[in-house]
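Chemist:
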Amino acid sequence: MNYVNLDAITLKEIPKIIAEDGRGNLSVIEKELLPYEIKRVYYLYDVPSDSIRGGHAHKELQQFLIAVAGSFSVVLDNGKERKTFHLNRPNKGLLIPSGVWRELENFSAGAVCLSLVSAAYDEEDYIREYANFKSIKRS
Ligand code: TYD
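When you read off a place in the sequence shown, starting at 1, and then add 1015, the result is the number in this note's numbering.
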């Protein structure tokens, strides 16, 4: 599994359209924004503030996360280093490449994590044991 440079991962701006008459904002994701075709959409909600979600890596799947409401943190781990991102705006998203361990934590009340992913659900694509992830990264 390839080394992933965490410095190259930054929050990505999602275009925002502000209604000139004060009716509020709209953000739009068109296919050019992501390096893959969206195959599945799911979302986390009603997450207790002390929950840790994720806790896995993917062999192939890529994923774009957005805090469409509230906020949460995403800790990314490439097997060597960790980097934490705070998602708290509906017009910013985090593109997570394959081969990265992720943990989602510190969910605010009412937070909704929208996830746009590159593949259908496939348990075979998951690495759910951290020790296993580390040994795959070492090899
Ligand atoms: P899990 O991967 O543990 O969620 P998270 O990484 O967000 O903490 O998934 C929770 C359960 O939901 C698990 O039994 C797998 C199932 N699941 C699906 O059936 N389809 C899906 O698209 C996803 C993401 C999860």
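Glycine included, C-beta positions come from ideal geometry on N, C-alpha and C.
Kindly list the residues whose CB is nearer than 7 Å to the CB of residue 1042, restricted to its own chain and excluding five residues on each side of it in sequence; keep chain order.
Modeler: Cβ neighbours of residue 1042 beyond the five flanking positions: 1029, 1030, 1031, 1105 and 1106.
Chemist: With DSSP run on the structure shown, which of helix, strand or coil describes residue 1147?
Modeler: The answer is helix: DSSP assigns residue 1147 an H, G or I state.
Chemist: State buried or exposed for residue 1143, treating a residue as buried only when at least 16 other CB atoms are found within 10 Å of its CB.
Modeler: Exposed, by the Cβ-count rule.
Chemist: Can you tell me which of 1145, 1133, 1048 and 1082 puts its alpha carbon nearest to the alpha carbon of residue 1120?
Modeler: If we check each option's Cα against that of residue 1120, 1082 comes out closest.
Chemist: Could you pull the start and end residues of the beta strand (DSSP E) that residue 1078 belongs to?
Modeler: Here the beta strand (DSSP E) through residue 1078 covers 1078-1084.
Chemist: In this structure, how does DSSP classify residue 1152 when only helix, strand and coil are distinguished?
Modeler: If DSSP states are grouped into helix, strand and coil, residue 1152 belongs with the helices.
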